[in-house]
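Residue numbers (this note's numbering), protein chains in the order written: chain A, 1 to 748; chain B, 749 to 939. Beta carbons: idealized from backbone N, C-alpha and C, even for Gly. Predicted model only: the values in this text are computed from it and were never measured.
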Amino acid sequence: MDETGGGFYDQQQQQQQREVAESAAAALEHVALHKEVVQNMRYQPWDMGRKLRVLRRAKSFVRQHEGALQQRLAESRTAKDVLARGRLLLAKAVQLSVREIRNLISFLVPWEARIKEIESLFGSAVASYFTFLRWVFWINLVLTACFAVFVVVPEVLATEWDMSGERKGLLPEEKRTATDLQTLWDFEGILKYSPIFYGFYSNAYETNEGYKLPFAYFFTGLVLYMYSFVAILRKMAKNSRMAKLSDKDDECTFTWKLFTGWDFMIGHPETGENRRSAITLGFKEALLEEAEKERATEKLTRNVICRRLAANFLVLMLLCSSAYIVVLVVERSTEPEAESNWWRQNEITVILSLISIIFPNIFELIGILEKYHPRRQLRWQLARIMILNLLNLYTLIFALFGKVNAMTTRLHRKRRRSINDESSNCCWPDDGIDGQQHAGIPVKMSSFYLKSNLRKLCWETMFGQELVKLTIMDLVFTTISILIIDFIRAVFVRVFNGCWCWDLEKYFPQYGEFKIAENILHLVNNQGMVWMGMFFSPGLPAINIFKLFLLLYIRSWAVLTCNVPHEVIFKASRSNNFYLWLLLIMLFLCTLPVAYAIVWLEPSWHCGPFSEYSRIFHVMTQSLLKATPDSLHWVLSYVASPGVVIPLLVLLILVIYYLVSLSSSLREAVTDLRTQLRRERDAERLKTRQKKKEAEAAAVAAPADAAASSSAKVIAQWRKAVPFAPTKSQTILPQTLAKEAVDKRQSK
Amino acid sequence: MGNKVATFTEQQLEDYQDTTFFGRKEILRVHRRFRELQPELVPRTMSLEATRDLRLPKSLINTLPELKENPFRDRILKVFSSNGSGDLSFDDFLDLLSVFSEHAPRELKLHYAFRIYDMDGDGVVGPGDLKAVIGRLCQHERGLTPAEIDAVVEQILDEADVDCDGHLTAMEFSHVVARAPDFVQTFHIRI
């Protein structure tokens, strides 16, 4: 009896528990649905009052039921309930912290007000330069932070300064001039022996704490290059997702011109007027185009052809001459008298900066000669500047590599001798710049000369120094050119306009315009230099942050004080990915020389973290070999052999080929569907008139059976009212809405 | 952080963050802009009633630099005004800026764009609406001739009016405009 009674009781209890659990699950589901309503509230196209009412109701429902649920869950002791309770609490905490983090991020975004001001004065195109600048700034911040955390700080804190040979600390003779402005300007003196440059880092395999610094240096550099690629690609993917699949711009020209022509950001009368005239002109052009679609695109007279040929020839000459100048200048810097005066020391950087400022202007003048449509002209101009920049960087790099080779051979000679002489217990013999021997110089007198001479031969530091100097010089020249071309010109025009024989504001000097394309290219070029120098100068991103920071303020000041809005307005977004493409190409081309240096060049034997290795990348391979057991070595060597790499490459090519053909077939499908749509529309056009007549006749005849379908209609209405909510929450929204409707009626 | 306690209750801020695409900082900035329009009328501390019922006249809101140059400003105010008069309460103002903000999805922007361009409010964008939009967008002197305007309207209907009933429904509108590469960028007001 007892047993059966107990059994019955148990059963009852079990059933009760099950019921509780089931109702708890149902309540949980209900609460989840209401939460979804809360989450999707912002996507509803309702006015704020209604949104707030529904939101509050849903929230109070959640609060009540969640509270009750939690209480109930708290009372029960089963693992499932405890888990559910934990999940509830966790979800709440996550939601809260996500919101707080989002608030923090939006709080930290800098220059929002400044960009907004520019945007309202000049439209979104000019502002896109500044948002691009800000994005590049973030990238550089990440680069700097990673270098600081993984390379610079461990090096400064953990390495032993006595053990690192000639790397750290100035020679006593150098100390006298180490902090002079002249020395600092050349990044010599204390700056040369600081963590900014490669030569400072020591080659100890491990610090006392067990941090493998050379490995960390190499790995951080590698990861940061990959990060740069991924960051650009992610941004591009995001942009192209925004623009959907619209490869043919001319598909809905008129509709798009009308409905997206006005930039809602414009808040300046002059920009507004420019935009209006641009839209009017755009419509007129489009109408003309529509009318004369069959006409040949452009009549090429002999005159125009000659002009264009001449223009391209001129540009080619200019490009060649710039390459020649760069080669010449680097050659001159290896001559013995290269250190003689300020001009000779800064020749390379000054000339490079001058070329990158003057030549684009000449290109623009040549562009006028060609008589292209302004849009086409801009494209040519951009392409030419890009080629100029790349050509300059590459000639510089090749010339520098030539210098590096010369330095390496001298270093080799030195090393051989130093080994010989150390064994014979003597000092290093002097090795003149031309390689002649000066035998018999006393030890003490020559030691400074020897050491400083040796220190100068750290080619990696030299490489970094060149690029750092280039970055700084570029900043100086940009600032000067902004001052002259924009500021002084604007002041001149404003002051002398009253007493001049022609209208200065309308004809010759005018006020400067903000050249978006050129300025973005300048940023791209600058970033390219940073990527190129980053590996041999971990401090370069930090310097670049400083530069970008200054540049943002200078440029925005110049734009707001002395520029006028563009007359021809180019839209920002369409060229968005174009600039990112440029950046990506730049990054790729800038990693090539660095990769070459890592794989082919021999690092200096007396400075930098890789001085023990015969090639820089050996730090990676040797660490890998050390870390893996011997039995795996053959696997590694097999994986790295052509036997695996070539099939892998082939596989990759096949995959790329497959994807390309897939995307092209998809594109074909899209065009097919488009033509089909058009055809159907034409067919529809014929039918509509008939249908209209029929419909008119039907409308007279049929009284609506509205009552019967009213419930279906209500549901359809709700569907319409909640177009963006996910389907799940649609089941619950009507309940809340119905309640709301009742409330409304009552209040009325 | 002292500011946030003074202007809104924590509850209000939470609700606003749930109903708009703004964070706390932006909501407070919107309030500041709203208050700057008429400091003597808009209180520093916004109660629930004040956010809903206290309306600023449209003539005042039109002076905002963000709207001053906009040819559709009266339409925007009308669409977002909860009582249809064009005068905005703080709630309406916040709603407006939220829809025009960067994070608002394309679909939501399209919905409101359609209502803004539907000048006569009959639920479709007809030839009359199109003509009015063109008139507002183009210059007054050196503008398009009536014949040209007619041609443009015809072209637009040809491109976008899928079922050929002579006007654009919301579906047709969003179908065409959603594919425009610039729509999201240009239908945007930064506050």
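Q: Spell out the partners DSSP gives Leu-804(B) in its beta bridges.
A: Under DSSP, Leu-804(B) shares a beta bridge with Leu-836(B).
Q) Roughly how many angstroms lie between the CA atoms of Leu-352(A) and Val-639(A), to the nearest whole one? A) Their backbone Cα atoms lie some 44 Å apart in a straight line.
Q. Candidates Val-900(B), Leu-892(B), Arg-792(B), Glu-850(B): which alpha carbon is nearest Phe-756(B)'s?
A. It is Arg-792(B) whose Cα lies nearest to the Cα of Phe-756(B).
Q: Select from Thr-479(A), Ala-32(A), Val-524(A), Arg-681(A) the residue whose C-alpha is nearest the C-alpha of Ala-383(A).
A: Ranking Thr-479(A), Ala-32(A), Val-524(A), Arg-681(A) by CA distance to the CA of Ala-383(A) puts Val-524(A) first.
Q. Which residues in the same chain have their Cβ closer than 7 Å to the Cβ of Ala-558(A), if we skip the five residues on either side of it in sequence?
A. Counting only Cβ-Cβ distances below 7 Å, and skipping sequence neighbours, we find Ile-482, Asp-486, Phe-487.
**Q.** Cross-chain neighbours of His-268(A) in chain B, by beta carbon under 7 Å
**A.** What His-268(A) touches in chain B: Glu-817.
Q) Taking buried to mean at least 16 other C-beta atoms within 10 Å of its own C-beta, is Ser-846(B) buried or exposed? A) With 16 or more other Cβ atoms within 10 Å, it is buried.
Q) Taking Cβ-Cβ distances shorter than 9 Å, what residues in chain B pair up with Leu-287(A)? A) From the beta-carbon of Leu-287(A), the residues of chain B found nearer than 9 Å are Leu-892, Glu-896, Ala-899, Val-900, Gln-903.
Q | Extent of the continuous alpha helix (DSSP H) run through Leu-551(A) | A | 540 to 562 is the extent of the alpha helix (DSSP H) around Leu-551(A).
Q) According to the Cβ coordinates, are His-65(A) and Val-109(A) closer than 8 Å? A) With respect to the 8 Å criterion, His-65(A) and Val-109(A) are not classified as neighbours on the basis of their beta carbons.
Q.
Taking 8 Å as the threshold (beta carbon to beta carbon), is Lys-773(B) in contact with chain A?
A. Under the Cβ criterion of 8 Å, Lys-773(B) is counted among the residues facing chain A.
Q.
Pop quiz: Val-530(A) and Pro-538(A) are said to be a contact at Cβ under 8 Å. What is the actual Cβ separation, rounded to whole angstroms?
A. Contact between Val-530(A) and Pro-538(A) is ruled out by a C-beta separation of about 11 Å, above the 8 Å threshold.
Q: Spell out whether any CB of chain B is found under 8 Å from the CB atom of Tyr-43(A).
A: Closer than 8 Å: yes.
Q. By DSSP, does Leu-916(B) sit in helix, in strand, or in coil?
A. Strand, per DSSP.
Q: Locate the alpha helix (DSSP H) running through Tyr-129(A), then write down its first and last residues.
A: Its alpha helix (DSSP H) spans residues 124 to 147.
Q.
Three or more C-beta pairs under 8 Å: does that hold for the region 779 to 791 of chain B against the region 856 to 873 of chain B?
A. Between the region 779 to 791 of chain B and the region 856 to 873 of chain B, the count of Cβ pairs shorter than 8 Å is below three; the stretches do not touch.
Q) At a cut of 8 Å, does the region 133 to 149 of chain A reach the region 805 to 824 of chain B through at least three beta carbon pairs? A) Short answer: they don't touch.
Q. Going along chain B, which residues have a C-beta under 7 Å from Arg-749(A)?
A. Nothing in the structure corresponds to residue 749(A), since chain A is present only between 1 and 748.
Q) Which value, in whole angstroms, describes the spacing of the CA atoms of Ala-908(B) and Val-650(A)? A) Taking the straight line from one Cα to the other gives about 46 Å.
(Q) Can you determine whether any heavy atom of the ligand PLP sits closer than 7 Å to the C-beta of Val-910(B), and answer yes or no? (A) This structure lacks the ligand PLP, and indeed carries no ligand of any kind.
Q: Show which residues of chain A have a CB atom less than 7 Å away from the CB atom of Glu-850(B).
A: Here the premise fails: no neighbours, minimum Cβ distance about 10 Å.
Q: At 8 Å on the CB atoms, spell out the chain B contacts of Asp-503(A), in chain order.
A: Ordered by position in chain B, no residue passes the 8 Å Cβ test against Asp-503(A), which lies about 21 Å from the chain.
Q) With a CB to CB cut of under 8 Å and the five nearest residues on each side skipped, what residues in its chain are close to Thr-727(A)? A) Any reading at Thr-727(A) needs caution, since the residue's pLDDT is 40, under 50, leaving its predicted position unreliable; the model's value is listed next. Once the five neighbours on either side are set aside, Thr-727(A) has no close Cβ partner at all.
Q: Locate the alpha helix (DSSP H) running through His-65(A), then write down its first and last residues.
A: In the DSSP annotation of this structure, the continuous segment of the alpha helix (DSSP H) that includes His-65(A) starts and ends at 48 to 75.
Q: Please say whether Asp-840(B) and Phe-848(B) have beta carbons closer to each other than 8 Å?
A: No, they are not a contact pair.
Q. Going by other Cβ atoms of all chains shown within 10 Å of its Cβ, with 16 needed for buried, is Ala-68(A) buried or exposed?
A. Here Ala-68(A) is exposed, its C-beta having fewer than 16 other C-beta atoms within 10 Å.
**Q.** beta strand (DSSP E) runs wholly inside the region 806 to 881 of chain B, at least 3 long, in chain order
**A.** Fully enclosed beta strand (DSSP E) runs of 3 or longer: not present.
Q: Quick one: residues in its chain with C-beta nearer than 7 Å to the C-beta of Val-151(A), no 5 flanking neighbours on either side, listed in chain order?
A: For Val-151(A), where only same-chain residues beyond five positions count, the Cβ hits under 7 Å are Ala-216, Tyr-217, Thr-220, Pro-538.
Q.
For Tyr-225(A) and Pro-214(A), what's the separation of their Cα atoms in angstroms?
A. Approximately 17 Å between the Cα atoms of the pair.
**Q.** Residues that Gly-512(A) bridges to, as DSSP identifies them
**A.** Asn-563(A), per the DSSP bridge assignment.
Q: Can you give me the start and stop residues for the alpha helix (DSSP H) that Met-265(A) sits inside?
A: Counting along the chain, Met-265(A) falls outside any alpha helix (DSSP H), and DSSP gives it neither H nor E.
Q: Evaluate Glu-209(A) with the Cβ neighbour count: other Cβ atoms within 10 Å of its Cβ, from every protein chain shown; 16 or more gives buried, anything less gives exposed.
A: By the neighbour-count criterion, in which 16 or more other beta carbons inside 10 Å mark a residue as buried, Glu-209(A) falls on the exposed side.
Q. Mind pulling the chain A residues with CB within less than 7 Å of Val-910(B)?
A. For Val-910(B), the chain A residues whose Cβ falls inside 7 Å of its Cβ are Arg-681, in order along the chain.
Q: Determine the direct distance from the alpha carbon of Val-599(A) to that of Trp-634(A), and round the result to whole angstroms.
A: The straight-line gap from Cα to Cα measures roughly 22 Å.
Q.
Are the CB atoms of Ala-148(A) and Tyr-211(A) within a distance shorter than 8 Å?
A. No; because the gap between Cβ atoms is not below 8 Å, this pair is not in contact.
Q | Where the region 787 to 812 of chain B meets chain A: residues whose CB sits under 7 Å from a CB there | A | From the region 787 to 812 of chain B, only Arg-800 have a Cβ closer than 7 Å to chain A.
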